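To start, the structure itself, in structure tokens.
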Amino acid sequence: MDRKLNENIDKKITECLNNKADEISAPENMFFKIRAEILKENKGVFFNMKIRFLKAKTMIVAGLLCIATTATCVAATNGLHYIESSSRNNMINEFPTSNVVEKTVGYLPKYVDTFKNGFKFDSFNFADSSIVNDNGDVIIKTKDAEFDYKKDGAKKDQHLSMSAEKIDKKYFDQNQEESKVEMIEYNGIKVYYHNFKYKAVPEGYVKSEEDLKSTEDGTLQIGFGADEISESNMQCISWYEDGIKYLIMNTNYDDVDKNQMIEMAKTVINK
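Using our numbering, you'd call the opening residue of the sequence shown number 83 and step up by one each time.
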């Protein structure tokens, strides 16, 4: 069998596996079953991630294998954890009408198709999110609107997204209290800015003294489950308006500074 034929067969197999992966999603209760076992095995030790942007096709979070979905645990206060999952099957690349967004998530957040600094709408999706306690009991569930944006010439590791989540303000306030953030006020709305480095590491990675110090002062966040160590520069800006939490997250667009992030938030607020 010649090399070209082998390559064609490999390509077809890969395409088939990718298509099948896109049809699979993990049931929510599977996470809690696995999480309970982890808690039992580790006497209550459970890792948390404060990150929402992970979008690898296949990733492991707390021992749960999720194919073609995202699943993220976000550390919060008072023993609460945020779980988010979404599927690429639900993604649309056409700028959605207000009717589409409202029908998808059950409410209508503010959103825009472009920003003045060159970002243009790329895709729309939704995510099912839950807030759970240390026992895995669901406190509340939400359906979040997710908007992705791109700049011309963007690199593969560059990503900018805006999410909107209808949630009680107390959960938003608790998260800000736990983070090292800067706050400005615009039109009576408190807008919070935070920049940090995200470090993806393999399971079993041992944090260095520098890692521990940077994690403590809020300049580094570490996520486990990667094949190899990689780092990303992150900027976040968030605010709460009319019962909805908004978050714009910038990954590796290093030419975008704090002032531009604030201006993007103002653009949405003024919508």
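Heads up, the beta-carbon is just placed ideally off N, CA and C, and yes, glycines get one too.
Predicted model, so just to flag it, every value in this text is computed and none were measured.
Contacting residues, own chain, Cβ-Cβ under 6 Å from residue i (five flanking each side not counted)
| i | result |
| --- | --- |
| residue 346 | 197 and 330 |
| residue 249 | 224 and 327 |
| residue 220 | 212 and 214 |
| residue 173 | 205 and 207 |
Euclidean distance between Cα positions of residue i and residue j
| i | j | result |
| --- | --- | --- |
| residue 320 | residue 340 | 12 Å |
| residue 236 | residue 336 | 11 Å |
| residue 305 | residue 201 | 27 Å |
| residue 214 | residue 166 | 11 Å |
| residue 297 | residue 177 | 37 Å |
| residue 218 | residue 256 | 19 Å |
| residue 279 | residue 230 | 20 Å |
| residue 310 | residue 270 | 44 Å |
| residue 300 | residue 289 | 15 Å |
| residue 302 | residue 276 | 11 Å |
| residue 273 | residue 294 | 28 Å |
Close-in-space but distant-in-sequence residues of the same chain around residue i (CB under 7 Å, 5 per side omitted)
| i | result |
| --- | --- |
| residue 348 | 268 |
| residue 312 | 282 |
| residue 240 | 333, 334 and 335 |
Same chain, Cβ closer than 8 Å to residue i, five either side skipped, listed in chain order
| i | result |
| --- | --- |
| residue 360 | Shown here, the chain extends from 83 to 353; a query on residue 360 therefore has no answer. |
| residue 252 | none |
| residue 162 | 213, 214, 215, 221, 253 and 256 |
| residue 86 | Model confidence at residue 86 stands at a pLDDT of 49, short of 50, so the residue's coordinates are unreliable and nothing is read from them. |
Contact belief for residue i with residue j at Cβ below 8 Å, rounded distance in angstroms
| i | j | result |
| --- | --- | --- |
| residue 323 | residue 344 | In fact, because the Cβ distance is near 15 Å, the residues do not count as touching under 8 Å. |
| residue 187 | residue 208 | 5 Å |
Simplified DSSP state of residue i, which is helix, strand or coil
| i | result |
| --- | --- |
| residue 208 | strand |
| residue 214 | strand |
| residue 278 | strand |
| residue 255 | helix |
| residue 344 | helix |
| residue 290 | coil |
| residue 272 | strand |
Beta-bridge partners of residue i, as assigned by DSSP
| i | result |
| --- | --- |
| residue 316 | 278 and 333 |
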